[in-house]
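Data first, discussion second: the structure below is written as structure tokens.
Protein chains: 2
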Amino acid sequence: MNNKKILIVDDDEDLSFIISEMLEGCGYSTAHASTAEEAFTILTDSKFDLILLDINLPDSTGFEICRQLRETSSVPVIFASARTSEDDRITGFDTGGDDYIPKPYSMKELLSRVNALMRRTYGFGNESGEMGFGNVKINTASRTVAKDGVAVNLTQREFDLLEYLCRNKNTAIPKDKLISEVWGAFSEVEPSTLTVHIRWLREKLEDDPASPVYIKTVWKLGYILEDKA
Amino acid sequence: MNNKKILIVDDDEDLSFIISEMLEGCGYSTAHASTAEEAFTILTDSKFDLILLDINLPDSTGFEICRQLRETSSVPVIFASARTSEDDRITGFDTGGDDYIPKPYSMKELLSRVNALMRRTYGFGNESGEMGFGNVKINTASRTVAKDGVAVNLTQREFDLLEYLCRNKNTAIPKDKLISEVWGAFSEVEPSTLTVHIRWLREKLEDDPASPVYIKTVWKLGYILEDKA
DNA sequence: AAAAATGTTCACAGAATGTTTACATTTTCA
DNA sequence: TGAAAATGTAAACATTCTGTGAACATTTTT
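Chains B and W, in that order, are what the protein sequence lines are.
The letter at position 64 of the first sequence is residue 127 when you use this note's numbering, and the numbering goes up by one with no holes.
The letter at position 92 of the second sequence is residue 155 when you use this note's numbering, and the numbering goes up by one with no holes.
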């Protein structure tokens with residue numbers, strides 16, 4: 064798998080441990096938060112590919128976390144709860160959740176749902192994980208990039224940024240959206256940071272970094288990865 | 064734009080009717096198949112944006128339909144069934160399904176799940192779309208404009224102005240209205256500013272900016288974007 | 001036909017925004 | 001542990017955008 068990162072938010076430490084063991088065994092990497100506050104802290108400095116949210120938390124609810132998350136991020140969310148009422152399920156979906164799994168659930172079922180949502184969100188048959196534009200090829204499985212067949216060394220951030228741009232090829236993306244998607248939903252990096260990373264990408268991928276052909280600036284908005292083909 | 068098509072595959076005619084009534088009431092359009100064979104026929108001649116699959120069918124199973132579907136398509140699938148065993152749910156997800164909803168379910172819950180999956184698949188409130196007039200194409204997603212297939216560079220204001228004119232194609236818009244819509248309700252820019260921006264648009268989009276064919280002046284009122292087609 | 005009213009064109013200066021560079025700090029890895 | 005790489009930041013610099021009024025043109029009114 065692609066080494067996707069999953070955040071587990073649940074105050075049941077034992078259950079969380081079992082879940083994270085299981086998911087890591089299946090090739091995911093995980094982090095864990097026991098409270099909403101802890102979740103926000105973790106989400107401030109890293110980015111996740113899927114979030115598993117318990118609804119009952121000591122200091123808040125999963126719904127509330129999801130609601131705040133959705134203000135800046137479209138990261139996939141699965142709610143989990145012992146509350147099984149239909150109203151809860153509906154609230155879950157309407158808050159912006161993607162799935163709702165009633166407790167208790169088996170690890171097998173959780174895994175199936177996680178896989179299904181990952182598949183839906185990050186692409187089908189993308190086992191090969193090939194993307195690209197112009198003379199640039201991106202392999203998401205190996206996280207490598209090649210320009211004209213020659214390997215280009217990108218840092219982690221550079222790769223994430225490029226991958227996001229490429230997934231949204233030919234769409235102008237606002238700076239703040241780009242930051243929340245690449246740095247994490249609640250990250251607070253300066254806008255200039257994004258500019259600098261864009262600069263590095265251009266340096267590594269454009270023939271003339273000062274007048275880019277692919278990674279273009281959209282004034283007063285953000286950036287766009289243009290690929291005519 | 065938002066008129067997504069949903070195929071309902073279920074041999075319970077009454078239930079299917081209620082579902083389709085409800086979904087259509089919510090702005091979706093629907094089609095219905097009672098058997099797997101019928102489903103394949105319908106899927107042969109038209110494309111759907113989401114498929115609701117009952118698992119028990121007289122001549123086959125929903126799983127089987129999904130399996131065949133997935134050989135060529137990544138259309139979102141929701142399974143529905145009175146079979147509630149965990150194995151069934153897991154089979155559903157592993158066959159390539161995106162969600163599994165146990166029968167009986169309420170219309171409210173079904174709608175929530177349909178909406179959630181549509182949102183995940185087709186984007187979050189993306190009002191991205193194509194507009195245009197004459198030989199000019201406007202792409203609101205990439206915020207790009209092309210004349211005769213050739214990209215034209217517009218500034219932010221120019222784009223906003225053009226977009227507003229185009230959304231109100233063939234309608235004469237008073238100057239002050241145009242200013243408050245494009246510059247903001249309480250803006251206090253001089254009327255001449257609008258004139259100048261109109262001029263720039265004409266320069267970039269009209270063959271002869273001095274005698275415009277599309278962006279016309281309406282004396283003593285404002286401007287109009289005319290598009291005969 | 002002349003005067004009045006309204007719209008167009010143009011060049012420019014300041015505002016707003018993006019880029020580049022150098023540097024301090026953190027992380028990674030030999 | 002120490003060197004190299006990666007990361008985030010701020011400040012100087014460059015570019016692009018924007019609004020304006022004055023001169024000019026056109027339409028309407030008298």
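All C-beta atoms in this analysis are idealised placements derived from N, C-alpha and C, irrespective of residue type, glycine included.
From a predicted model like this one, the values you see are computed outputs, not experimental measurements.
Exercise. Alpha carbon to alpha carbon, how far is W:Val281 from W:Ala143?
Worked result: 58 angstroms
For this session: Going by DSSP, name the residue or residues bridged to W:Val72.
Result: W:Ala96, W:Leu116
Exercise. Can the beta-carbon of B:Ser148 be found closer than 9 angstroms to that of W:Arg152?
Worked result: no
Exercise. Near W:Met194, what residues of its chain come up, given a Cβ to Cβ distance below 6 angstroms and the 5 sequence neighbours on each side ignored?
Worked result: Ile201, Cys229
For this session: Scan the stretch 144 to 160 of chain B for residues whose Cβ lies nearer than 7 angstroms to a Cβ of chain W and list them as they occur along the chain.
Result: Glu149, Arg152, Ile153, Phe156, Asp157, Gly160
Exercise. Does the beta carbon of B:Glu190 come closer than 9 angstroms to any beta carbon on chain W?
Worked result: Any answer about B:Glu190 is weak, because its pLDDT of 49 lies below 50 and its placement is not dependable; what the coordinates show is given next. By this cut-off, B:Glu190 is not an interface position.
For this session: Can you tell me which of the three DSSP states B:Asp122 falls into?
Result: In this structure, B:Asp122 counts as coil in the three-state DSSP scheme.
Problem set entry | Neighbour-count burial assignment, B:Ile114, 16 or more Cβ in a 10 Å radius | buried
Problem set entry | 9 angstroms Cβ cutoff, W:Met64 in contact with chain B | Since pLDDT at W:Met64 reaches only 44, below the 50 mark, its modelled position is unreliable, and the value read off the structure follows with that caveat. No, no contact with chain B.
Exercise. Cβ atoms of B:Glu244 and B:Ser92: under 9 angstroms apart, would you say?
Worked result: no
Exercise. In the stretch 258 to 285 of chain B, which residues sit with their C-beta less than 8 angstroms from some C-beta in chain W, listed in chain order?
Worked result: When C-beta distances to chain W are compared with 8 angstroms, the residues of the stretch 258 to 285 of chain B below that value are Val281, Trp282, Lys283, Leu284, in chain order.
Exercise. So, B:Phe126 versus B:Gly155, is the Cβ gap smaller than 9 angstroms?
Worked result: yes
Problem set entry | Secondary structure of W:Gly285, DSSP reduced to three states | strand
Exercise. What are the boundary residues of the alpha helix (DSSP H) that includes W:Ala179?
Worked result: 170 to 185
Exercise. When we look at the beta-carbon of W:Glu221 and count the other beta-carbons within 10 Å, is it buried (16 or more) or exposed?
Worked result: With 16 or more other Cβ atoms within 10 Å, it is buried.
Exercise. In three-state DSSP terms, what is B:Asp150?
Worked result: helix
Exercise. In three-state DSSP terms, what is B:Gly188?
Worked result: Legend: pLDDT at B:Gly188 = 47, less than 50; position of this residue unreliable, no value from coordinates given.
Exercise. Just checking my contact of B:Ala99 with B:Ile105 at CB under 8 angstroms: how many whole Å lie between their CB atoms?
Worked result: 11 angstroms between Cβ atoms; not a contact.
For this session: Return the residue from the list B:Asp271, B:Arg130, B:Asp117 that minimises the CA-CA distance to B:Leu78.
Result: B:Asp117
Problem set entry | Reference B:Ala248; option with closest CA among B:Glu289, B:Thr184, B:Val138 | B:Val138
Exercise. Mind pulling the chain B residues with CB within less than 8 angstroms of W:Lys171?
Worked result: Glu149, Ile153
For this session: Write down every uninterrupted run of the beta strand (DSSP E) in the stretch 211 to 280 of chain W whose length is 3 residues or greater and which is fully enclosed by it, in chain order.
Result: 213 to 215
Exercise. Listing by chain order, which chain W residues have their CB less than 8 angstroms from the CB of B:Asn119?
Worked result: In chain order: nothing, as chain W lies at least about 20 angstroms away.
For this session: Spell out the partners DSSP gives B:Asp162 in its beta bridges.
Result: B:Ile141
Problem set entry | Residue of B:Leu257, B:Ser250, B:Arg265, B:Tyr163 minimising C-alpha distance to B:Phe111 | In terms of Cα proximity to B:Phe111, the closest of B:Leu257, B:Ser250, B:Arg265, B:Tyr163 is B:Ser250.
Exercise. Helix, strand or coil: which one does DSSP assign to B:Gly197?
Worked result: coil
Exercise. What residues in its chain sit with their C-beta under 7 angstroms from that of W:Asp211, if we drop five residues either side in the sequence?
Worked result: Asn198
For this session: Indicate the three-state DSSP secondary structure (helix, strand or coil) for B:Thr207 in the structure shown.
Result: strand
Exercise. When you compare only the Cα positions, how much space is there between W:Asn66 and W:Lys171?
Worked result: 19 angstroms
Problem set entry | Distance, W:Gln131 Cα to W:Ser83 Cα | Cα to Cα, the separation comes out at about 24 angstroms.
Problem set entry | Span separating the alpha-carbon of W:Trp263 from that of B:Asp150 | 54 angstroms
Exercise. Going by alpha carbons, who is nearest to W:Asp161 out of B:Ala145, B:Tyr168, B:Thr184?
Worked result: B:Thr184
Exercise. Along chain B, in chain order, which residues have C-beta atoms closer than 8 angstroms to that of W:Gln219?
Worked result: Trp282, Lys283, Leu284
Problem set entry | Contact under 9 angstroms by Cβ, W:Leu268 with W:Val213 | no
For this session: Could you tell me if W:Leu122 is buried or exposed, where buried requires 16 or more neighbouring beta carbons within 10 angstroms of its beta carbon?
Result: For the record, residue 122 of chain W in the displayed sequence is Asp; it is not Leu. Counting Cβ neighbours within 10 Å, W:Asp122 comes out exposed, since fewer than 16 surround it.
For this session: Can you grab the Cα-Cα spacing for the pair B:Trp246 / B:Asn178, in whole Å?
Result: 23 angstroms
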